[in-house]
Amino acid sequence: MTAMLELSDVSRQFVKKLDSIEKLAKKLGASVSESCVNAVDSASFHIARGEVVGLVGESGCGKSTLGRMVAGLLPVSGGTIRFEGVDVTDAASADAKTARLRIQMIFQDPMSSLNPRMKVEEIVGEAAVYHGLTTRREMSAYVAGILRQVGLDPAYAQRFPHQFSGGQRQRIGIARALAVRPEFLICDESIAALDVSIQAQVINLFQDLRRELDLTYLFISHDLSVVEHIADRVVVMYLGRIVEIASTEALFDDPQHPYTQALIDQVPRLGAGRQTYRTIKGEIPSPLAPPPGCHFHPRCPMAGPRCTRDTPVLRNDAGRSVACHLHDGGTE
Amino acid sequence: MSVLEVRNLQTHFFTDAGVVKAVDGVDFALNEGEVLGLVGESGSGKSVTGFSILRLVDPPGRVVGGQILFRGQDLAQLPASEMRRLRGNKIAMIFQDPMMTLNPVLRIDTQMIEAVRAHDKVSAKAARDRAISALSKVGIPSPAERLDAYPHQFSGGMRQRVAIAIALLNGPDLIVADEPTTALDVTIQSQILAEVQDLARDTGTALIWITHDLAVVAGLADRVAVMYAGRIVETGQTDDVLTTPGHPYSVGLLGSIPGHGQRGERLTQIPGMAPNMAHLPPGCAFAPRCFNADERCRTDAPGIEDMERVRQLRCHHPLTKAGGTP
Numbered sequence: 148m149t150a151m152l153e154l155s156d157v158s159r160q161f162v163k164k165l166d167s168i169e170k171l172a173k174k175l176g177a178s179v180s181e182s183c184v185n186a187v188d189s190a191s192f193h194i195a196r197g198e199v200v201g202l203v204g205e206s207g208c209g210k211s212t213l214g215r216m217v218a219g220l221l222p223v224s225g226g227t228i229r230f231e232g233v234d235v236t237d238a239a240s241a242d243a244k245t246a247r248l249r250i251q252m253i254f255q256d257p258m259s260s261l262n263p264r265m266k267v268e269e270i271v272g273e274a275a276v277y278h279g280l281t282t283r284r285e286m287s288a289y290v291a292g293i294l295r296q297v298g299l300d301p302a303y304a305q306r307f308p309h310q311f312s313g314g315q316r317q318r319i320g321i322a323r324a325l326a327v328r329p330e331f332l333i334c335d336e337s338i339a340a341l342d343v344s345i346q347a348q349v350i351n352l353f354q355d356l357r358r359e360l361d362l363t364y365l366f367i368s369h370d371l372s373v374v375e376h377i378a379d380r381v382v383v384m385y386l387g388r389i390v391e392i393a394s395t396e397a398l399f400d401d402p403q404h405p406y407t408q409a410l411i412d413q414v415p416r417l418g419a420g421r422q423t424y425r426t427i428k429g430e431i432p433s434p435l436a437p438p439p440g441c442h443f444h445p446r447c448p449m450a451g452p453r454c455t456r457d458t459p460v461l462r463n464d465a466g467r468s469v470a471c472h473l474h475d476g477g478t479e
Numbered sequence: 222m223s224v225l226e227v228r229n230l231q232t233h234f235f236t237d238a239g240v241v242k243a244v245d246g247v248d249f250a251l252n253e254g255e256v257l258g259l260v261g262e263s264g265s266g267k268s269v270t271g272f273s274i275l276r277l278v279d280p281p282g283r284v285v286g287g288q289i290l291f292r293g294q295d296l297a298q299l300p301a302s303e304m305r306r307l308r309g310n311k312i313a314m315i316f317q318d319p320m321m322t323l324n325p326v327l328r329i330d331t332q333m334i335e336a337v338r339a340h341d342k343v344s345a346k347a348a349r350d351r352a353i354s355a356l357s358k359v360g361i362p363s364p365a366e367r368l369d370a371y372p373h374q375f376s377g378g379m380r381q382r383v384a385i386a387i388a389l390l391n392g393p394d395l396i397v398a399d400e401p402t403t404a405l406d407v408t409i410q411s412q413i414l415a416e417v418q419d420l421a422r423d424t425g426t427a428l429i430w431i432t433h434d435l436a437v438v439a440g441l442a443d444r445v446a447v448m449y450a451g452r453i454v455e456t457g458q459t460d461d462v463l464t465t466p467g468h469p470y471s472v473g474l475l476g477s478i479p480g481h482g483q484r485g486e487r488l489t490q491i492p493g494m495a496p497n498m499a500h501l502p503p504g505c506a507f508a509p510r511c512f513n514a515d516e517r518c519r520t521d522a523p524g525i526e527d528m529e530r531v532r533q534l535r536c537h538h539p540l541t542k543a544g545g546t547p
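Chains as they are written, first to last, in our numbering: chain A, 148 to 479; chain B, 222 to 547.
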């Protein structure tokens with residue numbers, strides 16, 4: 148299998164630098180130091196052409212940071228990102244710039260990602276004209292075609308974003324991404340802000356577009372049932388680290404990592420009747436001071452002494468990868 | 222015995238663009254210890270219904286008609302001072318954003334003790350003890366120490382627990398919860414749902430759980446009411462409504478939720494979008510989006526009809542009578 152996108156050991160740290168007073172305090176011997184968050188810690192996975200990969204995790208697990216690095220919106224702190232075999236890690240390089248056109252992102256909030264002073268036609272057409280995919284003269288016809296593709300009436304092209312409902316705005320965001328003929332779409336919580344009935348419309352649109360345009364997706368979401376529905380493979384993150392990668396069937400039918408098991412257990416479902424909610428203890432620890440060893444051990448029902456000591460590595464076994472000592476020699 | 226009975230509740234907003242009938246004739250009743258899931262999409266009037274019960278609707282909105290009978294007493298007619306005596310005491314509300322409940326510059330203990338003593342002449346010590354027991358009921362570890370913290374020192378999930386604890390302080394008969402877990406992560410959501418389930422069972426508090434998420438209602442509520450454009454279009458036992466929905470809107474809503482059909486299959490979608498509440502179509506508000514609508518639906522608004530058991534439907538062509546899904 149040739150990978151379209153390949154991430155190896157991609158990391159991202161956010162460091163809070165000391166301000167002048169803190170620097171002075173440090174010189175005088177106070178114990179202040181720069182605080183550092185490992186938002187993404189050595190993430191490695193690949194996405195094949197035509198595949199839909201879901202990236203799930205709770206808030207603060209680093210899934211959006213990872214998506215932004217793939218899109219070239221955030222520089223990486225370490226590791227490499229390859230797109231079609233070409234290293235695009237350095238966002239300023241010429242290779243990265245051409246790749247970035249083929250990778251497009253769709254954001255969560257369509258209102259804050261659309262310029263309120265621009266008409267739909269300009270929002271959708273601007274990048275396509277700039278990159279020479281169409282000319283300013285032919286832009287109207289070009290935009291009309293794209294709008295039709297996402298299920299919007301081309302007559303709306305002269306309107307402003309505020310004249311649309313949330314679902315329509317999200318379609319405009321999708322149209323803008325499609326306007327530069329991308330091959331790879333990153334959807335960062337793209338349907339989280341929409342109503343259920345509108346969500347279904349947009350999910351269906353994503354699937355139609357996948358078929359028609361042969362798109363590959365990285366689908367970032369906290370909503371496991373949406374990911375289960377749309378993705379071929381799922382990557383689970385916890386506190387900056389990937390804890391499990393598996394095909395959707397394998398992951399949902401037989402999750403291996405205790406965190407994945409807990410997550411899937413707790414998704415409210417229809418038709419299950421009145422549920423008694425089984426819960427995992429506690430909350431996500433602060434990423435400023437993550438627990439040593441396996442980050443999940445304070446909440447894990449199966450944790451042993453080794454989990455507090457060693458960091459588990461993501462081991463590939465028969466097509467699925469788990470980072471857990473339970474599957475790697477025990478927790479003692 | 223029913224704790225709450227809402228009869229033909231109407232809450233309208235008088236805006237420049239016209240009168241918006243956000244809640245337009247809502248009826249339901251709630252028994253002790255019962256959990257009612259009030260479900261609908263944004264703009265369906267579910268939150269306004271909740272706010273109306275607590276008389277918290279701000280101008281230009283106003284409750285213009287109907288009765289809200291709480292233990293036989295009509296809240297809609299109650300003077301403001303009497304209402305204040307009930308609010309936070311016998312009727313409590315939990316909001317989506319706990320920071321709406323919590324004052325950011327006061328410690329938790331100040332806020333909780335204040336809430337107790339506003340309604341009950343007890344010593345500060347007794348109020349503090351009651352606060353500690355409420356916090357431990359909602360699963361906050363070492364509650365006595367946490368009382369001294371400020372709201373910003375809590376995580377989102379913990380803050381929502383504190384808000385729920387405040388709602389529980391005076392042992393209310395009714396809690397109205399407006400999307401309290403929507404902003405939370407799944408693991409935290411299920412912790413809170415588990416605790417709320419236990420509380421309703423143990424204390425006999427009636428609960429109205431307002432949400433857009435049918436899956437949450439499925440696991441929590443005894444009965445469910447589906448709202449569309451200011452009206453309840455279907456109510457019934459949760460299992461009945463979810464397994465054999467009778468209103469085309471409920472059918473569409475259930476079909477829209479991924480994860481119960483085949484993976485990757487197309488979701489059944491409801492065409493179009495929610496109507497503009499200032500310009501509702503004559504007849505059934507759902508008719509323009511309905512697969513089953515005919516001439517009659519476009520001209521006559523359907524009334525609410527009793528079906529078998531406790532089922533009620535507002536539709537000219539209900540689907541359960543015919544004995545099947547479309």
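The C-beta atom is built at its ideal place from N, Cα and C for all residues, glycine as well.
### Query
What separation, rounded to the nearest whole angstrom, lies between the Cα atoms of PRO547 (chain B) and ASN513 (chain B)?
Because PRO547 (chain B) carries a pLDDT of 37, less than 50, the predicted location of this residue cannot be relied on, and no value is offered for it.
### Contacts around ALA386 (chain B), its chain only, beta-carbon distance under 8 Å, and the 5 residues preceding and following it disregarded
MET333, ALA352, ALA355, LEU356, LYS358, VAL359 and ILE361
### Query
Apart from the five residues on each side of it in sequence, which residues of its chain come closer than 7 Å, Cβ to Cβ, to ASN324 (chain B)?
GLN332
### Beta-carbon contacts of CYS471 (chain A) that lie in its chain and below 6 Å, excluding the five residues immediately before and after
HIS404 and PRO459
### Message
By DSSP's criteria, ASN185 (chain A) is part of a beta bridge. Which residues make up the other side?
### Response
A:GLN160
### Message
For PRO332 (chain A) and LEU299 (chain A), which I take to be in contact (beta-carbon distance under 8 Å), what is that distance rounded to the nearest angstrom?
### Response
Note that residue 332 (chain A) is Leu in the sequence shown, not Pro. Between LEU299 (chain A) and LEU332 (chain A) the Cβ distance is about 17 Å, and since that is not below 8 Å, they are no contact.
### Query
Taking C-beta to C-beta, are ARG467 (chain A) and GLU375 (chain A) nearer than 9 Å?
no
### Task
Pull up the DSSP beta-bridge partners for ASP234 (chain A), would you.
A:ARG229
### Message
Counting only Cβ-Cβ distances shorter than 8 Å, please list the residues of the region 462 to 481 of chain B near chain A, keeping chain order.
### Response
LEU463, THR464, GLY473, LEU474, LEU475, GLY476, SER477, ILE478, PRO479, GLY480 and HIS481
### Query
Could you give the distance in angstroms between the alpha-carbon of LEU554 (chain B) and the alpha-carbon of VAL235 (chain A)?
Outside the displayed span of chain B (222 to 547) sits residue 554 (chain B), for which this structure offers no information.
### Message
Contact defined as beta carbons within less than 8 Å: I believe LEU414 (chain B) pairs with VAL472 (chain B). What is the distance between those atoms, to the nearest angstrom?
### Response
That belief does not hold up - the Cβ atoms of LEU414 (chain B) and VAL472 (chain B) are roughly 25 Å apart, past 8 Å.
### Query
How many angstroms separate the CA atom of VAL244 (chain B) from the CA atom of GLU205 (chain A)?
35 Å
### Query
Name the DSSP bridge partner or partners of MET252 (chain A)?
A:ILE333
### Message
Under 8 Å, with one C-beta from each stretch per pair, do the region 381 to 400 of chain B and the region 447 to 455 of chain B reach the 3-pair mark?
### Response
no
#### Entry: Segments of 3+ residues assigned as beta strand (DSSP E) that fall wholly inside the region 295 to 339 of chain A
331 to 335
### Query
Would ALA241 (chain A) count as contacting chain B if we go by Cβ distances under 9 Å?
no
### Query
Considering only the beta carbon of each residue, do SER191 (chain A) and LEU461 (chain A) sit closer than 9 Å?
yes
### Query
So, GLN455 (chain B) versus GLN533 (chain B), is the Cβ gap smaller than 9 Å?
In the sequence on display, residue 455 (chain B) carries Glu and not Gln. In this structure, GLN533 (chain B) lies closer than 9 Å to GLU455 (chain B) by Cβ.
#### Entry: Given 8 Å, three or more beta-carbon pairs between the region 221 to 228 of chain A and the region 398 to 416 of chain A
no
### the region 225 to 245 of chain B touching the region 264 to 283 of chain B, judged by at least three CB pairs closer than 8 Å
yes
### Message
Please confirm whether HIS500 (chain B) has its beta-carbon closer than 9 Å to some beta-carbon of chain A.
### Response
no
### Query
Under the rule that 16 or more other beta-carbon atoms within 10 Å means buried, what is PHE235 (chain B), buried or exposed?
exposed
### Message
Measuring straight from C-alpha to C-alpha, what distance separates SER433 (chain A) and HIS444 (chain A)?
### Response
14 Å
#### Entry: Through-space distance from LEU251 (chain B) to TRP430 (chain B), alpha-carbon basis
12 Å
### Query
Are the region 492 to 506 of chain B and the region 354 to 368 of chain A touching, with three or more C-beta to C-beta distances below 8 Å?
no
### Query
Does the Cβ-Cβ distance between GLY314 (chain A) and LEU341 (chain A) come in under 9 Å?
yes
### Task
Note down, in chain order, all residues in the region 321 to 349 of chain A with a beta-carbon under 8 Å from any beta-carbon belonging to chain B.
ASP342, VAL343, SER344, ILE345, GLN346, ALA347 and GLN348
### Query
Does any C-beta atom of chain A lie closer than 9 Å to the C-beta of ARG535 (chain B)?
no
### Query
Counting along the chain, where does the beta strand (DSSP E) carrying ARG292 (chain B) start and finish?
Careful: ARG292 (chain B) lies outside any beta strand (DSSP E) and carries neither H nor E.
### Query
Name the chain B residues whose beta carbon is nearer than 7 Å to that of ILE427 (chain A)?
THR408
### Task
Could you spell out where the alpha helix (DSSP H) holding SER180 (chain A) opens and where it closes?
Careful: SER180 (chain A) lies outside any alpha helix (DSSP H) and carries neither H nor E.
#### Entry: Range covered by the beta strand (DSSP E) that runs through ASP399 (chain B)
395 to 399
### Message
Closest to THR432 (chain B) by C-alpha separation, out of B:THR426, B:ALA442 and B:VAL383, would be which residue?
### Response
B:ALA442
### Query
Pairing CB atoms from the region 372 to 381 of chain B with CB atoms from the region 311 to 323 of chain B, are three or more of them under 8 Å?
yes
### Query
Which bits of chain B does GLN413 (chain A) rub up against, with CB to CB less than 7 Å?
VAL407, THR408 and SER411
#### Entry: Members of the region 427 to 445 of chain B that neighbour chain A once the beta carbon cut-off is set at 9 Å
HIS433, ASP434, LEU435, ALA436, VAL437, VAL438, ALA439, GLY440, LEU441, ALA442 and ASP443
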